[in-house]
Amino acid sequence: QLQLAESGGGLVQPGGSLTLACAASGAFPRHNAMGWYRQAQGKQRELVARITQTNNTNYPNSVKGRFTIYRDNTKNTMYLQMNSLKPEDTGVYYCNINTVARDYWGQGTQVAVSS
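Residues 275 to 389 in this note's numbering are what the sequence shown lists, from first letter to last.
Here it is, written out as structure tokens:
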């Protein structure tokens, strides 16, 4: 059974940087894409970065140019480099693997951007 574990969250000042990691353990499935989502308090979960098996990436306008998603297939780990963080980036960040059969989710890691 695949398990995902996020790490790297924390409190950072506006303008700062954080790198999140998502480590996958267990049987790694064939998948369409991997991604990072976030959920702010009282809001719906939203996509912030997505990477396909061929390393094509896409981002919403809200994070484009500030966030970078990448993966290390040798470690079964996906990363999210976040720069120029803003208070509106605050939320719980979840990693996701999308397969034909189902989606896999991690437990989430909290990111707080505040002075």
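C-beta: ideal position from N, C-alpha, C; glycine also.
Exposure label - residue i; buried when at least 16 CB within 10 Å
i	result
ALA301	exposed
ASN370	buried
THR348	exposed
PRO324	Note that residue 324 corresponds to Arg in the displayed sequence, not to Pro. That one is buried.
VAL385	buried
ASP363	buried
ARG376	exposed
VAL322	buried
GLY365	buried
GLU280	buried
GLY289	exposed
GLY316	exposed
For residue j and residue i, the rounded distance between their alpha carbons
i	j	result
GLN277	GLN287	31 angstroms
ALA297	TRP310	12 angstroms
SER388	ALA307	31 angstroms
GLN327	VAL337	21 angstroms
TYR367	GLY339	18 angstroms
TYR378	ASN372	7 angstroms
HIS305	SER291	29 angstroms
THR383	GLU320	15 angstroms
TYR333	LEU285	23 angstroms
Neighbourhood of residue i by C-beta, 6 angstroms cutoff - its chain only, sequence neighbours within 5 removed
i	result
GLN355	THR293 and THR342
GLN275	GLY300
TYR344	TYR353
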